[in-house]
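Let me begin by presenting the structure, written as structure tokens, before commenting on it.
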Ligand code: NYM
Ligand code: MG
């Protein structure tokens, strides 16, 4: 018995040291970009990721919908018009598409990776609530409990500039009238700490503004717990 005790305690010590180490390692930040279609979100996300990677930061780009999964393929078919789905069903699929990524997102964040995310649950609410008969409160429910972003960058674009940037694509929702309602919904659901940025400027100027906000958040959240959305 006495001979066994020593290796056991050493094992336990090693285990708790490892645990302390993971608990004490810096976490990454969850950064979300939101806005209407054509506001330049994707361009900015990709540029930001490229620049941060060059600076040897641990970052990963994610986007919702993630059209590569089984659920994502159903969403893609709905958006490009090759399938019809009930409005409740597509809303829940968009949410399920986030939940299927949530565990991995948390793992990456805990492991120190900063996630740059093109759209999140706020798009889910703003787009579905733009349809007749859908209340914001109902729309939020399926996403309650997801990891909460540490920073939401909301890019706005006036109607004239949006029009100047060229027409919308051919996907469902890409019509001026619908987008106007979406923008109103973003105003309703946006929280005090969102960074609202007018996207009507050069790609470089917009990037510089965004990058400094993101860097600050990355430093601020190192030792903070990951929060949960709408709880
Ligand atoms: N969209 C996106 C939703 O309606 N609900 C959601 O939860 C999300 C994440 O999908 N018009 C809409 C917004 C867009 C469309 O997005 C596809 P993207 O970023 O254009 O691939
Ligand atoms: Mg789009």
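Residue numbers (my numbering): 6 to 236.
All C-beta atoms in this analysis are idealised placements derived from N, C-alpha and C, irrespective of residue type, glycine included.
Taking its Cβ as the centre, do 16 or more other Cβ atoms sit within 10 Å of residue 87, making it buried, or is it exposed? exposed
Using only the alpha-carbon positions, how far apart do residue 68 and residue 123 sit? 4 Å
Any idea which residues DSSP pairs residue 205 with across the strands? BP columns for residue 205 are empty, so no partner.
Counting Cβ pairs, one atom from each stretch, are 3 or more of them under 8 Å apart for the segment 56 to 73 and the segment 138 to 148? no
Report the CB separation of residue 32 from residue 226 in whole angstroms; it is logged as a contact under 8 Å. 7 Å
Which residue from 18, 97, 218 puts its Cα closest to that of residue 80? 97
Under a criterion of Cβ closer than 7 Å to any non-hydrogen atom of ligand 2, which residues qualify, in chain order? 42, 174, 176, 179
Member of 212, 232, 12, 40 whose CA lies at the smallest distance from the CA of residue 151: 232
Output the distance between the C-alpha atoms of residue 169 and residue 230, rounded to the nearest integer angstrom. 42 Å
Where do the ends of the beta strand (DSSP E) carrying residue 38 lie? 35 to 40
For a minimum of 3 consecutive residues, which ranges assigned as the beta strand (DSSP E) are wholly contained in the segment 156 to 231? 156 to 161, 200 to 203
Is the number of C-beta pairs between the segment 207 to 218 and the segment 162 to 178 that are closer than 8 Å three or more? no
Would you grab the beta carbon distance between residue 130 and residue 194 for me? Rounded to a whole angstrom, and I think it's under 8 Å. 6 Å
Ignore the nearest five residues each way along the sequence and tell me which others in residue 117's own chain have a CB closer than 7 Å to its CB. 30, 31, 32, 33, 63
What is the residue span of the alpha helix (DSSP H) that residue 84 lies within? 75 to 84
Where the alpha helix (DSSP H) containing residue 119 begins and where it ends: No alpha helix (DSSP H) contains residue 119, which is instead part of the beta strand (DSSP E) from 119 to 123.
Should residue 170 be counted as a contact of ligand 1 given a C-beta to heavy atom distance under 7 Å? no
Closest by CA to residue 224, which one among 17, 20, 35? 35
Please return the same chain residues whose Cβ sits closer than 6 Å to the Cβ of residue 134, not counting the five positions on each side in sequence. 141, 144, 190
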